[in-house]
Amino acid sequence: MGIVTKGGGNEFHGTVFEFFRNDALNANDFFLNRAEQKRPKLKQNQFGFTLGGPIKKDKLLFFTSYQGTRQINGVARATTAATTGSVGGCLEAASAPPLTNDRSAAALGALFGNDTAGPAFGGVTVKPDGSNINPIALELLQMKLPDGSYLFPTPQTIDPTRPFESQGFSAFSRACSFNEDQFMTNADFLQSTKSKFAVRFFFANSAQNTTFRQSVNIPGFPRTTEIRFRNFSFAHTYIFNSNLLNEARVGFHRNFDGFSAQAPFSWSGIGVAAAAQNDNLPCITMLGSYNICAAPSFSAVVDSYDFLDSVSYVRGRHSMRFGGGISRGRVYFRSYQNNDQILFLSYPDFLLGLDGVTNGSGFSNVFLSVRFNGLFPHLLQVWDGNLYAQDDIKITNRLTLNAGLRYEHIGSYSDGLGRIVNFDMTRADPNPPPTGTLQGFVAAANYSGGTLPPGVTKASNNSATNADGKNNWAPRVGFAWQVLPHSSRFVLRGGYVIYYSRLTTQTSFIHLGFSEPFAEAGVEVAASSPTLANPFAQPIPPVSAFPVWMPYSPSSSLSISAVAPDIRPSIVQQYSMNLQTAFANDFLLEVGYVGTRGTHLFRERAPNQALLASPSDPIRGQTTNTLANIPLRVPIEGFGATGIGNIDSAGASWYNGLEVSITKRLSKGLQFLASYTFAKSLDTDGANVVVVSDAAITIGNQNNPRSRYGRSSFDRLHRFVPSYVYNFPSPKSSSTFVNKLLGGWAVSGVATIQSGTALTLVSTNANNVFGITGDRAQLAAGCTNAQVVTPGSVNSKLNNYFNTACVGPSVPFRVIGADGMGTDFGNSGVGIVDGPDQRNFDIAPIKKTSVGWLGENSNLEFRTELFNAFNTSQFANPFTDASSSSFGQIQSTSVSSRIIQLALKLNF
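Residue numbers (this note's numbering): -17 to 890.
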């Protein structure tokens, strides 16, 4: 695929433009209206120009452009995650208990005392007088932000028909800011009729302040993002003769990303023992309610150097292309500061904050705590190369065949700082000695941490993997056949191609940079010892202590991240067949099939999931299965059941789609394109990741891909998108004024009508006998998938999208443990129901007025663009965590309420 940028010509041409938005023109958000909140702010100006022409005619041409954006936006709502609501943005909503402005211990005790729900695992409850409320929880509930509002907001509305912990509802709009400057300049030097040089330069600087960072749904934790992008390319095209052409291109791009976060308190400021490295980035999640969480802060510089050359040769019936390229990629993670996180399953758990012994349940009130600290600078770098050859062969006047072969050398990432250490389960000691071992750890060949301790293997390369799949061959074939011998009205096209893709630098950084000895991940899940004052795994080594090797032993419960040694590039096969017919003048109908098959797809799982013991198959002396003996039933003792987060390339996907489109070329003032897709996407892992704050958890049975097979999380059964432009007839009048006033009018628009996305119902289950707490939900006996969604319109079930008689907090998991507590995995399937559908219409009236004094083709264009023109409420997915008090509630929209944009553009 080639990208062509705009260039100059022998005549000067250009544009000047301004796009304007103001909240005075917009409708209010559905949920802000519901909470009786005012319309969100939106003030935006996008302005700039383009200009192209000759510096020296027929010799040196230029094209340049500038665009500036200044935006204050309280409307933006980023993509929606099914389990956590909206992901980032400037507009959020949240449920909470019916808190009041009286935050005294006595008032909180009266509200939560002897709460029938109580702590998730039972045990001590909150006393009615509040005397046993944890002082840290009390301080947080009484804390106020600089604007005088509570950190834990008092709900704007109360609905007593909801579950107690979600009776309160609030919708928040806090304006984000975004400023960007883009500049581009191109120059073409026509050395001769055979030789052309082209130079391209692109520059962009942007700064954004996001008021609600990922998964945070209350104010107070903004994130600032600064991005600087530079791109330069130089190309030379030479025509040897009418049959032979060569193009050589070199390029360089640099991207600087900087993210910083703010929080109204620090861990040490409220008396919580945390890593000093992350003290100012606290993160506390209340399942199904408020998430107060500072974003991780980091800075990175991405550099890419590229050289490509291609030769085009035409001879007889053959049109051939040959070429290749080489690229050097470097990603320098200069700094990283993580947010240490704790998760509570209920408000009573938060208010108590006790360890499992003190509260009498055996389980801490702190369900999950995650901390990362260490040496995070990394310099990931890689070499890639490719060669290709393809030929378009005109077999007959009616049949053209395309055949090609591409070779790709996909390199493995290495760390220029020598800080890659991996973990190979096949080399590990499943039964480590009491003194511990490091067997299974594999250090890169350029390891920089000094002498390797006993048990650690040094790899033969700098990636600490097998470096499989470096050499890849990708054939492709296609054809175009004119079906009828004497008519071009019917054309049949088909094709098949293979693509390869590598593991991203971000995933490599997270899984190889967040593990020992250069970093430590301390994870506690459903443990006994954590308290609110001391929630994190101990001891917490200072940054100065790294690199730190931590042997695993029968008494340890370590957590590490790793990449499978045999990981290889993902493979995607695409195949299609379609029939095109010009069934009438200016009309084209296309009916086709598109298929995709993905193999070796990247996925994350926890391969140390506990196994089932029996008298005939004992595990370390265990013949029964209980919650207490989970550490003895894991494949590698010394790591928790979820303690090894492993990325491998064993995922798979399938996509099959029917695509139908009708295109009308411009005639009689009208042109349109109407496209319909009927499709289904299936995979083994795409719908099976739950995001709890920033920790990604693969849910369900880690060792049974078949149980994780189902509809992809992005799967939509139907999608219909019509777009159109209609130019109204110009009046035939002798009056210039009338012609200018009534002429040049047009209207354009696009509509999107589509099914909802596939939803997988999940649940947090601390009693899972396999040690996997993130699971799919349990369906009640006798319930079918068709009964899961509550009947009626979406608007009628905003508080109860799901039928809680079939699935929800009251439906228990099946007990299979010998202790009468340990449960099996949930029995609900993957992608068993759909979220709300979408019906959106964007419309734009357009007026063009000729400006003769600037030239014959010059005009002034005025547009009024109405996004969601009919102000249709289009709802986002409901919360799908069945263990949450917000389960089945919809708290946001997927499309903003009506926004009007005015635009003025001068074309000359």
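C-beta atoms are modelled at their ideal positions from N, C-alpha and C, and glycine is treated no differently.
Quiz prompt | For T340, the three-state DSSP class (helix, strand or coil) | solution = Mapped onto the sequence shown, residue 340 falls at position 358. Assignment of T340 by DSSP, reduced to helix, strand and coil, places it in the helix class.
Practice problem: Would you mind sorting S715 into buried or exposed? The rule is 16 or more other CB atoms within 10 Å of its CB. | Solution: Sequence index remark: in the sequence shown, residue 715 carries index 733 (1-based). Answer is exposed; the Cβ neighbour count stays below 16.
Exercise. Please classify S810: does DSSP put it in a helix, a strand, or coil?
Key: Position 828 of the sequence shown, counted from the first residue, corresponds to residue 810. Reduced to three states, the DSSP call for S810 is coil.
Self-check item: Buried or exposed (CB count within 10 angstroms, at least 16 for buried), W249
Solution: Along the sequence shown, read from residue 1 onward, the residue named residue 249 stands at position 267. With a threshold of 16 other beta carbon atoms within 10 Å, W249 meets it and is buried.
Quiz item: Taking V776 as the reference, which of L761, I825, A759 and P860 has the closest Cα?
Solution: Sequence index remark: in the sequence shown, residue 776 carries index 794 (1-based). Looking at the Cα atoms, P860 is the closest of the given residues.
Self-check item: Between the CA atoms of Q562 and R388 - distance to the nearest angstrom
Solution: Walking along the sequence shown from the start, residue 388 turns up at place 406. Walking along the sequence shown from the start, residue 562 turns up at place 580. R388 and Q562 have their C-alpha atoms spaced approximately 28 angstroms apart.
Self-check item: Test item: CB-CB of R210 and S188 under 9 angstroms
Solution: Along the sequence shown, read from residue 1 onward, the residue named residue 210 stands at position 228. Along the sequence shown, read from residue 1 onward, the residue named residue 188 stands at position 206. The answer is yes: Cβ separation under 9 angstroms.
Quiz item: By the 10 Å Cβ neighbour count, where 16 or more other Cβ atoms means buried, how is V867 classified, buried or exposed?
Solution: Position 885 of the sequence shown, counted from the start, is the residue given in the question as residue 867. As written in the sequence, residue 867 is Ser, which differs from the Val given in the question. S867 counts as buried, since at least 16 other C-beta atoms from the protein chains shown sit within 10 angstroms of its C-beta.
Quiz prompt | Run of the alpha helix (DSSP H) containing F194, from where it starts to where it stops | solution = Within the sequence shown, numbered from 1, the residue matching residue 194 stands at position 212. No alpha helix (DSSP H) contains F194, which DSSP labels as neither H nor E.
Exercise. Go through its chain and collect everything with a Cβ distance to P547's Cβ below 6 angstroms, but skip five positions before and after it.
Key: Along the sequence shown, one-based indexing puts residue 547 at 565. So the qualifying residues of the chain are D406, T447 and N448.
Exercise. With a 10 Å radius around its C-beta and 16 neighbouring C-beta atoms as the bar for buried, classify I798 as buried or exposed.
Key: Position 816 of the sequence shown holds residue 798. Exposed is the label assigned to I798, since fewer than 16 other Cβ atoms lie within 10 Å of its Cβ.
Practice problem: Let me know the secondary structure DSSP gives I798 once reduced to three states. | Solution: Start at 1 with the first residue of the sequence shown, and residue 798 comes out as number 816. Note: I798 maps to coil in three-state DSSP.
Quiz item: Among N683, I549 and S286, which has the Cα closest to the Cα of N590?
Solution: Here residue 590 refers to the residue found at position 608 when the sequence shown is read from its first residue. Of the candidates N683, I549 and S286, the residue whose Cα lies closest to the Cα of N590 is N683.
Quiz item: Going by Cα to Cα distance, which pick from N55, G(-9), I274 and F12 is closest to F2?
Solution: Along the sequence shown, read from residue 1 onward, the residue named residue 2 stands at position 20. Comparing Cα-Cα distances from F2 to each of N55, G(-9), I274 and F12, the minimum goes to N55.
Quiz item: Can you tell me whether S197 is buried or exposed, with buried defined as 16 or more other CB within 10 angstroms of its CB?
Solution: One-based indexing of the sequence shown puts residue 197 at position 215. Buried, because 16 or more other Cβ atoms sit within 10 Å of the Cβ of S197.
Quiz item: How would you label H360, buried or exposed, when you count the other beta carbons within 10 angstroms and need 16 or more for buried?
Solution: The count along the sequence shown starts at 1 and reaches residue 360 at position 378. Flag for H360 reads buried.
Quiz item: So what does DSSP say about P457, is it helix, strand or coil?
Solution: As a first step, residue 457 must be located in the sequence shown, where it is residue number 475. Correct three-state label for P457: strand.
Quiz item: With DSSP run on the structure shown, which of helix, strand or coil describes Y329?
Solution: Translated into positions along the sequence shown, residue 329 becomes position 347. The answer is helix: DSSP assigns Y329 an H, G or I state.
Self-check item: Best match in P79, L127, G726 and D697 for proximity to P145 [C-alpha to C-alpha]
Solution: As a working note, residue 145 is residue 163 in the sequence shown. The option with the nearest alpha carbon to P145 is P79.
Self-check item: Residue span of the beta strand (DSSP E) that contains F702, given as start and end
Solution: Within the sequence shown, residue 702 is the residue found at index 720, counting from 1. H700 to N709 is the span of the beta strand (DSSP E), which, as asked, contains F702.
Quiz item: On the three-state DSSP scale, how would you describe E838?
Solution: To locate residue 838, count along the sequence shown from 1; it is residue 856. Coil, per DSSP.
Exercise. With DSSP collapsed to three states, give me the class of K109.
Key: Here the question's residue 109 lines up with position 127 in the sequence shown. Three-state result, K109: coil.
Practice problem: Could you spell out the range, first to last residue, of the alpha helix (DSSP H) harbouring Q124? | Solution: Working through the sequence shown from its first residue, we reach residue 124 at position 142. Its alpha helix (DSSP H) spans residues P117 to Q124.
Self-check item: the region 99 to 109 touching the region 169 to 183, judged by at least three CB pairs closer than 8 angstroms
Solution: The region 99 to 109 is not in contact with the region 169 to 183.
Self-check item: Exposure of D5, with buried meaning 16 or more beta-carbon neighbours within 10 Å
Solution: Here residue 5 is taken as the residue at index 23 of the sequence shown, counted from 1. D5 should be labelled buried.
Quiz item: Rounded to a whole number of angstroms, what is the C-alpha to C-alpha distance between F844 and S879?
Solution: Position 862 of the sequence shown, counted from the first residue, corresponds to residue 844. Position 897 of the sequence shown, counted from the first residue, corresponds to residue 879. Going from the Cα of F844 to the Cα of S879 covers about 23 angstroms.
Quiz item: Which word fits H582, buried or exposed, when buried means at least 16 other C-beta atoms lie within 10 angstroms of its C-beta?
Solution: Residue mapping note: residue 582 aligns to position 600 of the sequence shown, counting from 1. Sixteen is the threshold: when 16 or more other Cβ atoms of the shown chains lie within 10 Å of the Cβ of H582, as they do, the residue is buried.
Quiz item: How long is the line joining the alpha carbons of S865 and S874, rounded to whole angstroms?
Solution: Against the sequence shown, residue 865 aligns to sequence position 883. Against the sequence shown, residue 874 aligns to sequence position 892. A direct Cα-to-Cα measurement between S865 and S874 gives close to 20 angstroms.
Quiz prompt | Contacting residues, own chain, Cβ-Cβ under 7 angstroms from R484 (five flanking each side not counted) | solution = Within the sequence shown, residue 484 is the residue found at index 502, counting from 1. I392 and P551.
Quiz item: Ends of the beta strand (DSSP E) at V232?
Solution: In the sequence shown, counting from the first residue as 1, residue 232 sits at position 250. For V232, the enclosing beta strand (DSSP E) begins and ends at L226 to A243.
Quiz item: According to DSSP, what are the bridge partners of D163?
Solution: By one-based count along the sequence shown, residue 163 stands at place 181. In DSSP, D163 forms a bridge with G50 and N187.
Quiz item: Exposed or buried, what is V525 when buried is set at 16 or more other beta-carbons lying within 10 Å of its beta-carbon?
Solution: Looking up residue 525 in the sequence shown gives position 543. Around the beta carbon of V525, fewer than 16 other beta carbons sit within 10 angstroms, so the residue counts as exposed.
Quiz item: Over what stretch of residues does the alpha helix (DSSP H) that includes V720 continue unbroken?
Solution: Translated into positions along the sequence shown, residue 720 becomes position 738. V720 -> alpha helix (DSSP H) spans T718 to L724.
Quiz prompt | Whole-angstrom distance between G639 and T578, CA atom to CA atom | solution = Translated into the one-based positions of the sequence shown, residue 578 becomes position 596. Translated into the one-based positions of the sequence shown, residue 639 becomes position 657. Computed Cα separation, rounded: 9 angstroms.
Quiz item: Taking all protein chains shown into account, do 16 or more other C-beta atoms lie within 10 angstroms of the C-beta of S224, making it buried, or fewer, making it exposed?
Solution: Start at 1 with the first residue of the sequence shown, and residue 224 comes out as number 242. A residue is called buried when at least 16 other Cβ atoms come within 10 angstroms of its Cβ; S224 does not meet this threshold and is exposed.
Quiz prompt | Pairwise C-alpha distance: V348 and S328 | solution = Counted from its first residue, the sequence shown places residue 328 at position 346. Counted from its first residue, the sequence shown places residue 348 at position 366. S328 and V348: Cα-Cα distance of roughly 10 angstroms.
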